[in-house]
Amino acid sequence: MAAVKENYQVSVDLSAVGVANQKKFQKTLHKWHSIGVAVEGELL
């Protein structure tokens, strides 16, 4: 999030992310979208 605030372009590939708590991650994903993080791929 700090990188976004410093005007860096930030992206994440969900196929490379492991999630233990799906409910908590949904909040994180929503937060990423709201601050402008480019989210690609899908969780495996």
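In terms of my numbering, the sequence shown opens at residue 4 and continues consecutively. Beta carbons are placed, not taken as given, at the ideal position from N, Cα and C, and that holds for glycine.
- Task: Please report how far the alpha carbon of Glu9 lies from the alpha carbon of Ala19, in whole angstroms.
- Result: Taking the first residue of the sequence shown as position 1, residue 9 is located at position 6. Taking the first residue of the sequence shown as position 1, residue 19 is located at position 16. Each residue's alpha carbon lies about 24 Å from the other.
- Would you mind listing the beta strand (DSSP E) stretches within the segment 18-46 that are 3+ residues and don't spill past its ends, in chain order? 41-43
- Item | Of the residues Lys34, Ala23, Ser37, the one placed nearest Leu46, counting alpha carbons only | Residue 46 sits at position 43 when you count from the first residue of the sequence shown. Checked all of Lys34, Ala23, Ser37; the closest Cα to Leu46 is Ala23.
- Message: What would DSSP say about Val13, mapped onto helix, strand or coil?
- Response: Within the sequence shown, residue 13 is the residue found at index 10, counting from 1. If DSSP states are grouped into helix, strand and coil, Val13 belongs with coil.
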